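One structure below.
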Amino acid sequence: MRSNLIGRGAALALAVGLIATAAACSSSQPAASPKQDVQAVTVAQSVDLRSALVPLSAQPDTRSSAGPLTLKQAAESGAMTSPKGVVFTPANCGDYLARALGNMGDLNGYIQYGSRDHDTHKDNFIQAAVEIPGGVTQAVIDKVREALKPCATGTVTLDGKVTGQVSYVERPTPALAGTVGYSITGMTRFAVKPGTPEAKIVENYELPPGAQLNVDSSEACVEQVNITGTGTTLFVVQESDVALANSITTQMYNNLKGVKTIN
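Mind the numbering: the sequence shown is residues -22 to -1, 1 to 241 in mature numbering (1 follows the signal peptide of the UniProt record, and there is no 0), read in order.
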């Protein structure tokens, strides 16, 4: 399997806007966490943002995980780099969040990510708390929405040989006081037949991980993404289950509220 997926790019990169739904469905063992260097933020900012994350021990079981890491550490470890051989059309399908917010590795914040433990498949997750200079306004959320708009439907091509269909549909955001948000359901589908060279390519990228073969000989995965802002903090949460995505988002919001006044 390609080692630059969940540990070195694909799942994490959804959160930072470099790789979108298709690659976010990929999974392998995460890279070892880099040494915890001190990021150029105040102690209060660092503590508040990290404290917003939900401890992994309080979440559904994981088979692998990485973090919490600062965004800078994640970038330096290569986790925000697009895997070679993955091409999105339009390009917005792979970098919409970066287009809206800029280089996430330059922002203050913390992230953790990994793969849920299931008997038959892997459900990947991402949770990030990011400081947005100037605050997370409706205008900021609208920039994210506009950046993704060209990719209501799109494609992802692997190794120049296998093309899957990518789509995004907006859905209701969690109802949290004093927040602005944008929530989407992302779907990636590869119409490949088991045992073929094309299926092997999809398997090599683990796109999607542990997917069930549908009656139409397609492999498909779903990602539920919440992008939620309050004050100067932006939460990015991705789960395969919408109820869990909303629950984690709510817990992060409540955690932040407990350590920092939310206006």
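The C-beta atom is built at its ideal place from N, Cα and C for all residues, glycine as well.
Predicted, not measured: the structure shown is a model, and the values here were computed from it.
For R149, the CB contacts under 6 Å within the same chain, skipping 5 residues up- and downstream, are S161, T163 in chain order. For S43, the pairing in a beta bridge is given by DSSP as G92.
Assigned with DSSP and collapsed to three states, S161 falls in strand. Contact check for V170 against V134 fails: the beta carbons are separated by 8 Å or more.
By the Cβ neighbour-count rule, A221 is exposed, with fewer than 16 other Cβ atoms within 10 Å of its own. Approximately 7 Å separates the beta-carbon atoms of T151 and T206; this is inside 8 Å, confirming the contact. For V180 and G173, the gap between their C-alpha atoms comes out near 11 Å. As computed with DSSP, G209 is found in no beta bridge at all.
Boundaries of the alpha helix (DSSP H) harbouring G72: 70 to 79, taken from the DSSP string. Minimum Cα-Cα distance from N86 among the listed residues L47, N102, D137, K235 corresponds to L47. Per DSSP, V122 is one residue of the alpha helix (DSSP H) stretching across 116 to 126. Rounded to whole angstroms, the separation of the alpha carbons of L49 and Q216 is 16 Å. According to the DSSP secondary-structure assignment, Y146 is paired through a beta bridge with G164. Residue state for Q216 is assigned as strand, using DSSP reduced to three classes.
Pairing A130 with Y146 gives a Cβ-Cβ distance under 8 Å. V114 and R41 have their C-alpha atoms spaced approximately 33 Å apart. Collapsing the DSSP output to three states places T174 in coil. Taking each of V64, G142, V214 in turn and checking the Cα distance to G132, the smallest one comes out for G142. Within 10 angstroms of the beta-carbon of P61 lie 16 or more other beta-carbons, which makes it buried.
CA-to-CA, the gap between Y91 and I104 works out to about 4 Å.
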